[in-house]
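Single-structure report; data block below.
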Amino acid sequence: MKHLPKIIYLALTFCITISTVHAQQHVPGFLGKRFFVEAQLAPTVYYQHLLSSSVVSDEPPRSPVSIVPKISLNYITARSYYVALELEQSQLTHEVTNVNNLAGVEQVDLRVTLRRAGLGFYRTTRRRKGVSTLAPIGRYVGTRIFYGQLSGKPTTFVTDGSVTEQDAMDRYDSGYENPEVGFVGFAIALGNRTMLNDQIALSLGLDFGYNLFLSSQVYSDFNRRQLVSEFTIDRYGRSTFGIHIGLAALLF
Amino acid sequence: MKALWLSVFMLVMGTTCLHSQELDTSPLESSGTLPEEVVTSPAKKYRTALRNYRIGDDDSQRNQFLLESTYVLDQLLRSGYVLYNDPVGAYVNDVMETVIAANPSIREKEPRAYVLKTSEVNAFALDQGIVFVSLGLLAQLENEAQLAFVLSHELVHIIEGHVMDSFVEDMKIDNSVITTKDRDGKQFDLAETMKNQYSREQEMSADEIGAEYFLKTNYDFTSIVRVFDVLRYGHLPFDEVPFELEYLQELSVTLPAKCVIEEIAPITPPEEDEENSTHPAIDSRIIKLRDRLTGLDNEGRQEFLVSSERFEMARQRARVTLPRLFLEEQQLSEAIYTGFLLEKTYGENAYAKEIVGKALYGWARFRSNGQSRDVNSPRWKKVQGESQALFHAINKMNAEELTLLAITYNYARYQQEPNNKETKAILIDLFGDLYLEHDIESLDYFKMASSVGPTESTSVSSEEEKTEEETESESKLDKIQRNQQREGYENTPTVWDKTMFTAVLNDSDFRALAEEGFDYGKERQAEIDFYEPETNRERTRLRKYQKQREKRGVSLGIKRVTVVNPVFIHLDQSGRNDYAMDFEKSEAQQQLMNDVLADCAKDLGVSMRTLDPAKLRADDVDELNDIAVASSWVSTQLDAEDFIYQAYNRADMEDFAERYNSRYVMSVIAISVAKRGLLAKLFSSGESLLLMAVFDTETGRRSYVKSEFIQFYLDRAFLQSEMYDALNQVVKSN
Chain C
1 MKHLPKIIYL
11 ALTFCITIST
21 VHAQQHVPGF
31 LGKRFFVEAQ
41 LAPTVYYQHL
51 LSSSVVSDEP
61 PRSPVSIVPK
71 ISLNYITARS
81 YYVALELEQS
91 QLTHEVTNVN
101 NLAGVEQVDL
111 RVTLRRAGLG
121 FYRTTRRRKG
131 VSTLAPIGRY
141 VGTRIFYGQL
151 SGKPTTFVTD
161 GSVTEQDAMD
171 RYDSGYENPE
181 VGFVGFAIAL
191 GNRTMLNDQI
201 ALSLGLDFGY
211 NLFLSSQVYS
221 DFNRRQLVSE
231 FTIDRYGRST
241 FGIHIGLAAL
251 LF
Chain H
1001 MKALWLSVFM
1011 LVMGTTCLHS
1021 QELDTSPLES
1031 SGTLPEEVVT
1041 SPAKKYRTAL
1051 RNYRIGDDDS
1061 QRNQFLLEST
1071 YVLDQLLRSG
1081 YVLYNDPVGA
1091 YVNDVMETVI
1101 AANPSIREKE
1111 PRAYVLKTSE
1121 VNAFALDQGI
1131 VFVSLGLLAQ
1141 LENEAQLAFV
1151 LSHELVHIIE
1161 GHVMDSFVED
1171 MKIDNSVITT
1181 KDRDGKQFDL
1191 AETMKNQYSR
1201 EQEMSADEIG
1211 AEYFLKTNYD
1221 FTSIVRVFDV
1231 LRYGHLPFDE
1241 VPFELEYLQE
1251 LSVTLPAKCV
1261 IEEIAPITPP
1271 EEDEENSTHP
1281 AIDSRIIKLR
1291 DRLTGLDNEG
1301 RQEFLVSSER
1311 FEMARQRARV
1321 TLPRLFLEEQ
1331 QLSEAIYTGF
1341 LLEKTYGENA
1351 YAKEIVGKAL
1361 YGWARFRSNG
1371 QSRDVNSPRW
1381 KKVQGESQAL
1391 FHAINKMNAE
1401 ELTLLAITYN
1411 YARYQQEPNN
1421 KETKAILIDL
1431 FGDLYLEHDI
1441 ESLDYFKMAS
1451 SVGPTESTSV
1461 SSEEEKTEEE
1471 TESESKLDKI
1481 QRNQQREGYE
1491 NTPTVWDKTM
1501 FTAVLNDSDF
1511 RALAEEGFDY
1521 GKERQAEIDF
1531 YEPETNRERT
1541 RLRKYQKQRE
1551 KRGVSLGIKR
1561 VTVVNPVFIH
1571 LDQSGRNDYA
1581 MDFEKSEAQQ
1591 QLMNDVLADC
1601 AKDLGVSMRT
1611 LDPAKLRADD
1621 VDELNDIAVA
1631 SSWVSTQLDA
1641 EDFIYQAYNR
1651 ADMEDFAERY
1661 NSRYVMSVIA
1671 ISVAKRGLLA
1681 KLFSSGESLL
1691 LMAVFDTETG
1701 RRSYVKSEFI
1711 QFYLDRAFLQ
1721 SEMYDALNQV
1731 VKSN
């Protein structure tokens, strides 16, 4: 799966090449433009995003909502169809309270970061019969596949006073492996773009995603250091639901 | 020497005079500088009207009236149906000036008259001070005094502000009266009845005061009562001359016997339902006027105060224009009969024959393609008077017979003028229809008749010997047969078509034209076959084409195009199923649409010229005339839904194409409904209908680059999207 970004890159290149070959026959997008970039902020709810370990089971994040920044580079292949290369990142904080293996530590706040790179296929639609509107304006619907990487890092140590926070962190670093796991997923997105002027569009949309984690064995084979505990990620998939708000700029 | 010069001078003058008496068949068009009120934007006119009428914002009804009437009037003034600086209009204004001179108080409203290019017999006035008189009415009036009386009547409507009063009254009635049911449970529209009552009162008042205006002039009043009969019988042609079927018979062809009408329906006054009419019954109007005129002295009064020659000129120009208007209005039988009348009234002329040829061509094409309903001529049984013979003959002929008749008539014209491209196109089209619609694949179908012309009657002598008693005992069919034999028609319709071309069957020109026409038919057949596949391979090919078309649209490869009369209608959704046109927004959106279209054309490298009536300037009179010609052509092409009407008005459109350096004309019609609310605006919520069609003026072919409902309001972005897409389809080639 480490080759997935390459596959995405190749697929995107292939799409662009094919559509360029047929460019004369196809209708380009809005006002003849083919490329647009889009930046979005997506308040996203992570459902069943639980953290498990030998000492912690099904620990939910402090808040299931994360504000996800997302940027995408989009290429309009023909009239209402476009492909998108998308990057996004989200963060969740899990409060791990059952940390008995770290003496003097009552709670560890673990920040889990999810980075995703995806390839999306979209089209702008019109419910009535007839050809669709030129991308990217109007209603859009599409799906995307992505590959992602999850990593966890402790941010705060709450101690009982017997140890300093720095000590706790040192002990954690020596005893724990930060969780790191890859995942794949897909999402269905729909929304609407309204042109604010000839070049900038406001987008509003919904996004339903599903992340499937590739492995729960997130800890490496521990080194000679004493193994205190390991945080693992639940092997089950996690659903996401996001509201996307952003701006798209038509390039050329 | 002096005598020689004098005789030369006399000869020149004589020739000039003779020439001036020739029938002027040139089309009536606007000329000179367009009036200020035509080139001023409706928004500006509306603001001026608000000031002039001193209407406050609180008077919503009058405000609404001014808004609507200003925009509707503006559309009419720019439609191309109104003539400016034309000789007929100038004459009508001079007659109106005679009435105004006798009634100076009228002048403060600055009344003016325009002539409307419509065959309808009508005159009407708007509060803005404009009287419209139709060419249909001018063709039927008998003298100048009658015209003066009509104008006097209409001037009253202006002076009294009848149109605004009527509008306000109608709104009040609508707001206060609810529709009720009578005892039988039928819906009884009280509001409509009340509105009609109000309108009738206004008309009676216009009759009374108009008569006073008129009587102050020195016009003869003996014939003005007959104006009401002009209106009453306005549906009849401008003259009653027995129609001779021989008129349609060219190339020694005789019409089938079934075309002969047994008896012409007598002319009866149309039934009037006063309660449901906006106008009072004509009889009561006549009685009132007669009462007023009783006892008055007509001595010294004249029928013509301006000029009898100019009246005759105006009437003649109106009568000559009528058949052209009938053609445009798809009243094809009326066009033929009026052409016939022109020849009867003004002598044989090529113009009348051209009209008749085109009307027969139109009839044949519409009938052959199953679109008879789109021809606006009534069924023969509903027609009264002498023209019924023609309506009957046309109705009785089937599509094939009409096509053959149209071919013979137009070929006779072609023989007179072999270089006429339009006639040639008509003939090719008609032969094409023989192939496509009537399964006649070559001239071999036709055979030489043993004798040319009407079959000689063999029993006429014995008929003549019949006693009166015997005649009375004849059945209806016997009578018809006797009538037909007397007229010299053969009663053998089954072979009628096969011997049609006897006179020209060996004519090389005729054969060449037929060949070209049949080839055109074959070409069209191949195109039609593509859409009606029979084998799996053909079906697959069609599916692939349709899929591609749905995905990419069409590829026309056109670099130059003329956009004619683009229209944007903005509707506001005020209720669930209640829409109201927003005139001001429509104007703004139309402007935006034109701008977007121009920008997209520039981006895509399309050389585009837009003929938009809203952008006319004072010296754009030629453009206005061109808009009228092209709009009418486009509208007729759209009427011909199921076939290619390639030769219709081809000559005019060739000139048009040459002037604008493009044979392609594009029509753009957008109707867009906007939903209310901020969110609706953000999401461009609404519904739109967009029609963009490109016509080839040479071949009559058309391609709809946009013909669809859109699930959005056509705001700037969606206009940009749709216009770009459409023009891209126009410009790109496969």
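Residue numbers (our numbering), protein chains in the order written: chain C, 1 to 252; chain H, 1001 to 1734. The C-beta atom is built at its ideal place from N, Cα and C for all residues, glycine as well.
By the criterion of at least three beta-carbon pairs nearer than 8 angstroms, the region 1131-1138 of chain H is in contact with the region 1095-1113 of chain H. Per DSSP, reduced to three states, the secondary structure at histidine 94(C) is strand. Cβ contact annotation for phenylalanine 1431(H) (same chain, cutoff 8 angstroms, sequence separation greater than five): Ile1407, Leu1513, Ala1514, Glu1516, Gly1517, Phe1518, Tyr1520 and Gly1521, in chain order. If the five residues before and after valine 68(C) are omitted, its C-beta is found closer than 6 angstroms to the C-beta atoms of Ala42, Thr44, Glu88 and Ser90, all from its own chain and listed in chain order. When the five nearest sequence neighbours on each side are left out, no beta carbon in the same chain lies closer than 7 angstroms to the beta carbon of asparagine 1506(H). Under the DSSP definition of a beta bridge, glycine 148(C) partners with Arg116(C) and Phe183(C). Note that the C-beta distance between phenylalanine 1304(H) and asparagine 1420(H) is not below 8 angstroms. In the three-state reduction of the DSSP assignment, phenylalanine 1510(H) falls in the helix class, which pools H, G and I.
Ranked by Cα distance from glycine 148(C), the options Gly185(C), Arg139(C), Pro136(C) and Thr124(C) are led by Gly185(C). For glycine 205(C), the uninterrupted beta strand (DSSP E) segment begins and ends at 200-213. Secondary structure at threonine 125(C): strand, using DSSP grouped into helix, strand and coil. Looking at the DSSP output, arginine 1543(H) bridges to nothing.
For phenylalanine 1214(H), no Cβ of chain C is located within less than 8 angstroms of the residue's own Cβ.
In the three-state reduction of the DSSP assignment, aspartate 1696(H) falls in the strand class. Around the beta carbon of glutamate 1154(H), 16 or more other beta carbons sit within 10 angstroms, so the residue counts as buried. For the region 1020-1052 of chain H, there is no continuous beta strand (DSSP E) assignment of 3+ residues that stays within its boundaries. Listed in chain order, the positions of the region 1669-1683 of chain H with a beta carbon within less than 8 angstroms of a beta carbon of chain C are Leu1682 and Phe1683. For phenylalanine 1718(H), the chain C residues whose C-beta falls within less than 9 angstroms of its own C-beta are Thr133, Ile137, Gly138 and Met195, listed in chain order.
Among the CB atoms of chain C, one or more fall inside 8 angstroms of the CB of serine 1721(H).
For methionine 1723(H), the enclosing alpha helix (DSSP H) covers residues 1716-1731. The alpha-carbon of alanine 1726(H) is positioned some 11 angstroms away from that of methionine 1666(H). Taken atom to atom, the span from the alpha-carbon of arginine 79(C) to that of serine 63(C) is near 41 angstroms. Collapsing the DSSP output to three states places asparagine 74(C) in a strand. For the options Thr1070(H), Asp1715(H), Ile1224(H) and Ala1257(H), the alpha carbon positioned closest to that of arginine 1285(H) is the one of Ile1224(H). For lysine 1706(H), the uninterrupted beta strand (DSSP E) segment begins and ends at 1702-1712. The distance from the Cβ of aspartate 1239(H) to that of leucine 1341(H) is about 5 angstroms, consistent with a contact at the 8 angstroms cut-off. DSSP, read as helix, strand or coil, puts glycine 1605(H) in coil.
By the 16-neighbour rule on beta-carbons within 10 angstroms, glutamate 1417(H) is exposed. Isoleucine 243(C): member of the beta strand (DSSP E) spanning 238-250, first to last residue. Using a Cβ-Cβ cut-off of 7 angstroms, phenylalanine 1712(H) is close to Gly138 of chain C, given in chain order. For serine 1631(H), DSSP records no beta bridge to any residue. If you compare the alpha carbons of Val1241(H), Leu1322(H), Glu1169(H) and Thr1217(H) with that of asparagine 1298(H), the shortest gap goes to Thr1217(H).
Using a CB distance below 8 angstroms, no part of the region 1109-1133 of chain H faces chain C. Close CB contacts of leucine 110(C) within its chain, under the 6 angstroms cut and outside five residues either way in sequence, are with His94, Val96, Gly152 and Pro154 (chain order).
Taking 8 angstroms as the cut-off, the beta carbon of glycine 118(C) is found no closer than this to the beta carbon of isoleucine 76(C).
Straight-line spacing of the CA atoms in alanine 1630(H) and threonine 1562(H) works out to 10 angstroms.
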